[in-house]
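Accompanying notes for the structure given below.
Numbering (this note's numbering), first residue to last: 6 to 137.
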């Protein structure tokens, strides 16, 4: 029996400035989605979002220039429904209100295994929040 992949027809934008993290996550996500777009910072993430119109966004919190929260707020002005998953190795309490204000769909600590990130992405897709 083949396991259903809820992401197989999805396009995903992955925004992460750390090269080593990208090297670990990209090979895991790429075969599970139809198309994987990758940006190295928030500004490039917004540019790719506007160009590619992904079904789901996964972004790091802390990035140079424009962090994941500012990028998410900018994306929300372009698309009110696209799921945005924030990853971070930081857990400041004051950030929780910022995450909620930015319209983040889910938060995944980077210390969790990559399988937890995939489960969160799949669960977000299954909730039917995608407009495409």
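Positions of the beta carbon are idealized from the N, C-alpha and C atoms, including for glycine.
Using CA atoms only, rank isn't needed, just tell me which of 26, 67 and 128 is closest to residue 184. Because the chain is modelled from 6 through 137, residue 184 falls outside the range shown and cannot be assessed.
If you follow the beta strand (DSSP E) that residue 88 is part of, which residue opens it and which one closes it? For residue 88, there is no enclosing beta strand (DSSP E), as DSSP gives it neither H nor E.
Does the distance from the C-beta atom of residue 44 to that of residue 81 stay below 9 Å? In terms of Cβ geometry, residue 44 and residue 81 do not form a close pair [threshold 9 Å].
For residue 62 and residue 18, believed in contact at Cβ under 8 Å, the rounded distance: Between residue 62 and residue 18 the Cβ distance is about 5 Å, and since that is below 8 Å, they are a contact.
Residue interval of the beta strand (DSSP E) (run including residue 114): From DSSP, the beta strand (DSSP E) with residue 114 extends over 111 to 114.
If you draw a straight line from the alpha carbon of residue 22 to that of residue 52, how long is it in whole angstroms? If I take the Cα positions, the gap works out to 15 Å.
Report yes if the CB atom of residue 70 is closer than 9 Å to the CB atom of residue 64, and no otherwise. The answer is no: Cβ separation not under 9 Å.
Report the residue from 119, 9 and 84 whose alpha carbon sits nearest the alpha carbon of residue 26. Nearest C-alpha to residue 26: 119.
Would you tell me roughly how many angstroms separate the C-alpha atoms of residue 132 and residue 54, rounded to the nearest one? If you take the alpha carbons of residue 132 and residue 54, they lie about 21 Å apart.
Starting from the C-beta of residue 57, find all residues in its chain whose C-beta is less than 6 Å away, skip the five residues before and the five after it, and write them out in chain order. Cβ neighbours of residue 57 beyond the five flanking positions: 42.
Inside the stretch 25 to 82 only - alpha helix (DSSP H) runs reaching at least 4 residues: Whole alpha helix (DSSP H) segments, 4+ residues: 47 to 57.
Proximity of residue 88 and residue 103 at Cβ, strictly below 9 Å: In this structure, residue 103 does not lie closer than 9 Å to residue 88 by Cβ.
Euclidean distance between Cα positions of residue 91 and residue 129: Cα to Cα, the separation comes out at about 12 Å.
The alpha helix (DSSP H) enclosing residue 122, as first and last residue numbers: 119 to 131 is the span of the alpha helix (DSSP H), which, as asked, contains residue 122.
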